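The structure under discussion appears below in the form of structure tokens.
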Amino acid sequence: MQYLLSSRASIPVSFSSKLLVTAIAATGCAFSATTIAQTTSATATAKVDTVIVTATRTPTRVDQALGDVTVIDRGQIEQSAGKTLAELLGQQAGVQFWANGGQGKPSSVSLRGLEARHTLLLIDGVRYSSATLGTPTWENIPLESIERIEIVRGPLSGLYGSDAVGGVIQIFTRRGKDGLRGNAVATIGSKHYGQLGAGLSFGQGAFDGSVQVQRTENRGFSATNSRVPFDLYNPDNDGFRQNSGNAQLGWKIGGGWRADARILQSDGVTQYDDGLGADAKAKLRSQVASVNVGGPVTALWQTNVRVARSTDDYVTLASASPYSDLGKIATVQDQLAWENTIATPVGAAVVILEQTKQKVSRPGEPFTLSDRNIMGIAAGLNGGFGAHHWQANLRHDKNSQFGSQTTGTAAYGFDLTSAWRIGAAYGTSFVTPTFNQLYYPGYSNPKLLPEEGKQSEVNVRWLGNNQQARLTYFDSRIRGYISSGPLPTNIPRTRIDGVTASYEARIANVTLAASVDHVNPRNDSSGSSSYGKLLPRRVKDSAKLSADVDLGAWRLGGSLVAFGERFEDAANSTRLPGFATLDLRADWRLAKEWSVAFRVNNVTGKKYETVYGYNQPGREGYLTLRYSGF
Numbered sequence: 000m001q002y003l004l005s006s007r008a009s010i011p012v013s014f015s016s017k018l019l020v021t022a023i024a025a026t027g028c029a030f031s032a033t034t035i036a037q038t039t040s041a042t043a044t045a046k047v048d049t050v051i052v053t054a055t056r057t058p059t060r061v062d063q064a065l066g067d068v069t070v071i072d073r074g075q076i077e078q079s080a081g082k083t084l085a086e087l088l089g090q091q092a093g094v095q096f097w098a099n100g101g102q103g104k105p106s107s108v109s110l111r112g113l114e115a116r117h118t119l120l121l122i123d124g125v126r127y128s129s130a131t132l133g134t135p136t137w138e139n140i141p142l143e144s145i146e147r148i149e150i151v152r153g154p155l156s157g158l159y160g161s162d163a164v165g166g167v168i169q170i171f172t173r174r175g176k177d178g179l180r181g182n183a184v185a186t187i188g189s190k191h192y193g194q195l196g197a198g199l200s201f202g203q204g205a206f207d208g209s210v211q212v213q214r215t216e217n218r219g220f221s222a223t224n225s226r227v228p229f230d231l232y233n234p235d236n237d238g239f240r241q242n243s244g245n246a247q248l249g250w251k252i253g254g255g256w257r258a259d260a261r262i263l264q265s266d267g268v269t270q271y272d273d274g275l276g277a278d279a280k281a282k283l284r285s286q287v288a289s290v291n292v293g294g295p296v297t298a299l300w301q302t303n304v305r306v307a308r309s310t311d312d313y314v315t316l317a318s319a320s321p322y323s324d325l326g327k328i329a330t331v332q333d334q335l336a337w338e339n340t341i342a343t344p345v346g347a348a349v350v351i352l353e354q355t356k357q358k359v360s361r362p363g364e365p366f367t368l369s370d371r372n373i374m375g376i377a378a379g380l381n382g383g384f385g386a387h388h389w390q391a392n393l394r395h396d397k398n399s400q401f402g403s404q405t406t407g408t409a410a411y412g413f414d415l416t417s418a419w420r421i422g423a424a425y426g427t428s429f430v431t432p433t434f435n436q437l438y439y440p441g442y443s444n445p446k447l448l449p450e451e452g453k454q455s456e457v458n459v460r461w462l463g464n465n466q467q468a469r470l471t472y473f474d475s476r477i478r479g480y481i482s483s484g485p486l487p488t489n490i491p492r493t494r495i496d497g498v499t500a501s502y503e504a505r506i507a508n509v510t511l512a513a514s515v516d517h518v519n520p521r522n523d524s525s526g527s528s529s530y531g532k533l534l535p536r537r538v539k540d541s542a543k544l545s546a547d548v549d550l551g552a553w554r555l556g557g558s559l560v561a562f563g564e565r566f567e568d569a570a571n572s573t574r575l576p577g578f579a580t581l582d583l584r585a586d587w588r589l590a591k592e593w594s595v596a597f598r599v600n601n602v603t604g605k606k607y608e609t610v611y612g613y614n615q616p617g618r619e620g621y622l623t624l625r626y627s628g629f
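With numbering that gives the first Met the number 0 applied, the sequence shown covers 0 to 629.
So this is what it looks like as structure tokens:
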């Protein structure tokens, strides 16, 4: 079955590590280190003047946003050689992840200890997920195509509708810049890892655009071990290969109006374990395409229209399991959005009309119902006066299958001083069951109802000189929580409350980021056999630390993450021990356009699992040559 994926492989890498080493040596000889100007890439979360859009759906400075926000910039992404998107996100405050193996294997991301289905992913403003699973295919999204990631934690259903219970993660793909610029990257690493990528961007007059392409391969390691249930163990290597890219074309029409067309596509082949026998493998395709036109209607009214389609395909090519159907499981989501921002004396008002049409298909026996139509209208206001800051949103969705749902969010912040702010937020949410939960033959429940939730939080924030710290207490209570397992059911009550403390700074030539999370995600239904038990795969305690120092042409750094124990099942009878991993990195800028990066992930070779019976990467090393110039 799709949710049991892991992968296996013996995929050859089609380019030689000797070529990369030779190129680095030649480049080092060609450029003198004495000509190198010191460059720094401060952690984006420490830049309080960074402008974001996800928290309010209007341009807002990070220091003015009431939500708990993290921004991952391009520099941080480039430091993540060998990491998956889920692993990169898992290094951030308030984020947990788990995966059925290494690269290209099914991965899940959780915000604030909530279910993976409670995190909404947007790519350039477009919803992307599998409507059969209810989660994105994180493992098939290429880091090389990403310019920036915004993470907003907290209740956002009043702004985005279903799924935005724990928050929203938005990916912004790379796009055109002024002039003509090129880039290229080559990476080699452990497990026969190899990546080649190149891109071009331009901006001249009324037009700008970009194109980025890359290929990634690795032979991997065995996704499973002998502990895995259902006789899925196979000791062979489980590899992954991926061809991906994105393109963007923009036109400044005039009078402040602009049109943009964007596309991101990733095609992967992953090998996994579902028992001895056939070389089990699957083909993945993720695609997000959109056209946006926007500009000022009046001096006070900005409008934008977006037409988009996202697709998620999963094709089982070979399987050793008699329970797996060969063929394609597909999701298509057609989306239309009209977004309006109106300046008023009390803040920026937003009015949004949206329509999403979902259509799914599977091999063999079709779903009882295979499509949905969701109409949504939302209105909001965010602004401030003096020491007071506010945000309020109200949204109404009409689902062709489940009827109408109304959700809302309200947040308030008060500046005690120029450095200290206290705040509070409250929101309601809903999440509709997935098509798999409702109709997958033999593993579904067509009587499932949507989940309904109430989320609240209080926080205190401090801003210093190139520093910021935040302490947040949050409490999420969900009625009708849909349990995972062979036959999903609505659990009467669950509660997920906890505390997140985070700190980011740029002090002299040192960049720091640290966070500590304590969360208690539990079954809160008295009388249940699992009452008071932790929800599956969620961790109570975690801590993360990242530090980088700039030393002229060199940049040295490391990241440490530690996660406590978790349980595989609702009864908490299958325990997975906690773990800590250390990554070390070094970047050497050979010249203005050229750099070499060295990275060692999981330096101590710690063995650990985030899903019972599925291995995670051991010690791995990576060497990258990167060009960015013209």
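Backbone N, C-alpha and C define an ideal beta-carbon position, used for all residues, glycine too.
Please read all numbers here as calculations on a predicted model, not as lab measurements.
Spatial neighbours of residue 386 in its chain, beta-carbon cut-off 7 Å, leaving aside the 5 residues before and after: 413 and 414
Work out the CA separation of residue 392 and residue 54 for me, nearest whole Å. 11 Å
Return the Cβ separation of residue 136 and residue 129 in integer angstroms, given the expectation that the two are a contact with Cβ distance under 8 Å. 6 Å
Residue interval of the beta strand (DSSP E) (run including residue 188): 178-188
Shortest alpha-carbon distance to residue 278 belongs to which of 250, 606, 594 and 236? 236
Can you tell me whether DSSP reads residue 165 as helix, strand or coil? coil
Secondary structure of residue 566, DSSP reduced to three states: strand
With DSSP collapsed to three states, give me the class of residue 552. coil
Three-way DSSP call (helix, strand, coil) for residue 42 in this model: Low confidence applies here, because residue 42 scores a pLDDT of 45, under 50, leaving its location unreliable; read the following figure in that light. If DSSP states are grouped into helix, strand and coil, residue 42 belongs with coil.
For residue 520, which residues does DSSP report across the bridge? 495
From the DSSP output, which residues share a beta bridge with residue 53? DSSP, once it has assigned bridges, lists no residue as partnering residue 53.
With DSSP as the reference, label residue 442 as helix, strand or coil. coil
With residue 87 and residue 422 assumed to form a contact (beta carbons below 8 Å), what rounded beta-carbon distance in angstroms separates them? Residue 87 to residue 422, Cβ: 27 Å. No contact.
For residue 471, which residues in the same chain have their Cβ closer than 6 Å to its Cβ, ignoring the five residues on either side in sequence? 67, 456, 458 and 499
Hey, quick one: how far does the alpha helix (DSSP H) through residue 478 stretch, first residue to last? Premise fails: residue 478 lies in the beta strand (DSSP E), 466-481, not in any alpha helix (DSSP H).
I need the boundaries of the alpha helix (DSSP H) containing residue 140, first residue and last residue. Here residue 140 belongs to no alpha helix (DSSP H), and DSSP marks it neither H nor E.
If you measure from the CB of residue 187, is any heavy atom of the ligand MN nearer than 6 Å? Here there are no bound small molecules, and the ligand MN is not part of this structure.
Look at the alpha carbon of residue 173 and the alpha carbon of residue 306, and state the distance between them as a whole number of angstroms. 19 Å
To which residues of the same chain is residue 381 closer than 6 Å at the C-beta, ignoring the five residues directly before and after it? 55, 346, 347 and 390
From 405, 148, 483 and 90, residue whose alpha carbon lies closest to that of residue 535: 483
Do residue 494 and residue 523 have their CB atoms nearer than 7 Å? yes
Under the three-state reduction of DSSP, which class applies to residue 191: helix, strand or coil? coil
Option nearest residue 515 by Cα separation, candidates 521, 508 and 502: 502
With 16 other Cβ atoms within 10 Å as the buried cut-off, status of residue 176: exposed
According to DSSP, is residue 229 helix, strand or coil? coil
Determine the direct distance from the alpha carbon of residue 282 to that of residue 106, and round the result to whole angstroms. 16 Å
Residue 75 - containing alpha helix (DSSP H), residue span: 73-77
Of the listed residues 580, 537 and 623, nearest to residue 569 (C-alpha basis): 537
Per DSSP, which one or two residues make a beta bridge with residue 295? 301
When the Cα atoms are used, what is the spatial distance from residue 604 to residue 618? 4 Å
If you follow the beta strand (DSSP E) that residue 368 is part of, which residue opens it and which one closes it? It is not in any beta strand (DSSP E) - residue 368 carries neither H nor E in the DSSP assignment.
Kindly give me the distance between the Cβ atoms of residue 81 and residue 621, rounded to whole angstroms, as I take these residues to be in contact under 8 Å. 5 Å
With a 10 Å radius around its C-beta and 16 neighbouring C-beta atoms as the bar for buried, classify residue 410 as buried or exposed. buried
Taking DSSP's pairing of strands, which residues face residue 269 in a bridge? 239 and 281
Length-filtered (3 minimum) beta strand (DSSP E) runs lying within the segment 386-427: 387-398 and 402-414
CB-CB length for residue 541 against residue 95, believed under 8 Å: 7 Å
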